[in-house]
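Heads up: the structure comes next, in structure tokens.
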Amino acid sequence: MPDSVAHVFEHVAKYLNSGLDTYIPLTFMLGFFVSFVVGRWGHILDGMGWIDNSAIAFSTFIRGHDDSTRALRRTLIRYMVLNQTLVLRDISMQVRKRFPALETLEAAGFCTHEELLILEKTHDQYSRYWIPIQWCYEHLYEARQYGKIGSDFLLEKITSEIQEFRHGLAKLLKYDWVPVPLVYPQVILLSVRLYFLICLISRQFLKDSEHQLWVPIATMIQFIVYM
1 MPDSVAHVFE HVAKYLNSGL DTYIPLTFML GFFVSFVVGR WGHILDGMGW
51 IDNSAIAFST FIRGHDDSTR ALRRTLIRYM VLNQTLVLRD ISMQVRKRFP
101 ALETLEAAGF CTHEELLILE KTHDQYSRYW IPIQWCYEHL YEARQYGKIG
151 SDFLLEKITS EIQEFRHGLA KLLKYDWVPV PLVYPQVILL SVRLYFLICL
201 ISRQFLKDSE HQLWVPIATM IQFIVYM
């Protein structure tokens, strides 16, 4: 390389290296992106719908050992699982393959034939997952009327558990409707590639460098971590 060209290249390399991390704040961008994705994943996991708290509340606050009361507690849990299945059918291909039609829900024992007919007759623009929750509220109101739930406070306690369960599943639907904006991962992808493209020039070891290494170890570690 002629001395004049080498001199220009040296100045360009020093200029790019001096402002590389300032012009492209890659650490901040990747950290924010990873935090966003991991946080979203955590919220999805929390909203999957865990039936344990509701089952304990039903067992504790709905009093009675007769067959009708036991059937009521089982029916409430079944409705909540049906609610969960209806939501997951809309957002998960694995669940959709397991339950391709509403009739398969009856075959799996999640609903009776009469309940299946109600689901099929209900036409909603978005989803019918709210119907089993409405059934839960109707059964709880009847249980309070017959004295199987001791007070209105306990009734409110049970309904709050169902509301929390439904709210988590509603968040899953929202995450499915509104995914991560496509431009955001594209900007991250472009920034990472542009960063290492500039590194090909700026991280060259020049003649006046104190340490002359043939292998840019630090840049290679960055490449492995970021890519």
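First residue of the sequence shown? That's 1 in UniProt numbering, and the numbers climb one at a time after it.
For each residue, glycine too, the CB sits at the ideal point set by N, CA and C.
- Of all alpha-carbon atoms in ARG73, ALA218 and SER151, the one lying nearest the alpha-carbon of TRP135 is that of ARG73.
- Counting only residues of its own chain and dropping the five nearest sequence neighbours on each side, GLY47 has a CB closer than 6 Å to the CB of GLY168, LYS171 and LEU172.
- Check the Cα spacing between LEU155 and each of ARG128, TRP50 and ARG144: the tightest is with ARG144.
- Distance from the CA of LEU182 to the CA of LEU189, rounded to the nearest whole angstrom, comes to 11 Å.
- If only complete runs of 4 or more residues are kept, the segment 130-199 shows the alpha helix (DSSP H) at 130-145 and 152-177, in order along the chain.
- For a cut-off of 8 Å, the C-beta gap from PRO132 to TYR79 is around 4 Å, short enough to register as a contact.
- Separation of ASP66 and GLY42 (C-alpha to C-alpha, rounded to the nearest whole angstrom) is 41 Å.
- For GLN94, the uninterrupted alpha helix (DSSP H) run begins and ends at 93-98, by DSSP.
- Across the structure, ILE56 and TRP177 are spaced so that their CA atoms are roughly 32 Å apart.
- Distance check between LEU30 and each of ASP124, GLY109, ASP52 and SER191 places SER191 closest, using alpha-carbon atoms only.
- When the five nearest sequence neighbours on each side are left out, the beta carbons in the same chain lying within less than 6 Å of the beta carbon of TYR129 are those of ASN83, LEU86 and VAL87, in order along the chain.
- Taking ARG63 as reference, the option from ARG40, GLY109, ILE158 and GLY49 with the minimal CA-CA separation is ILE158.
- Separation of ILE91 and ARG70 (C-alpha to C-alpha, rounded to the nearest whole angstrom) is 32 Å.
- The shortest CA-to-CA distance from TYR175 to any of VAL34, LEU45 and ARG98 is the one to LEU45.
- Apart from sequence neighbours up to five positions away, the residues of its chain that approach THR122 with a beta-carbon distance below 8 Å are ARG128 and ILE131, ordered along the chain.
- By the beta-carbon neighbour count (other beta carbons within 10 angstroms, threshold 16), TYR146 is exposed.
- According to the DSSP assignment, SER54 belongs to the alpha helix (DSSP H) that extends over 52-61.
- With fewer than 16 neighbouring CB atoms inside 10 Å of its own CB, ILE224 falls in the exposed class.
- Excluding sequence positions up to five before and after CYS199, its CB lies within less than 7 Å of the CB of THR219, all in the same chain and listed in chain order.
- Cβ neighbours of TYR195 within its own chain (closer than 6 Å, five residues either side excluded): ILE24 and LEU26.
- GLY49 counts as buried, since no fewer than 16 other beta carbons sit within 10 angstroms of its beta carbon.
- Of the other Cβ atoms in all chains shown, fewer than 16 fall within 10 Å of the Cβ of PHE28; this residue is therefore exposed.
- Under the criterion of beta carbons closer than 8 Å, LEU140 and LEU119 do not qualify as touching, at roughly 20 Å.
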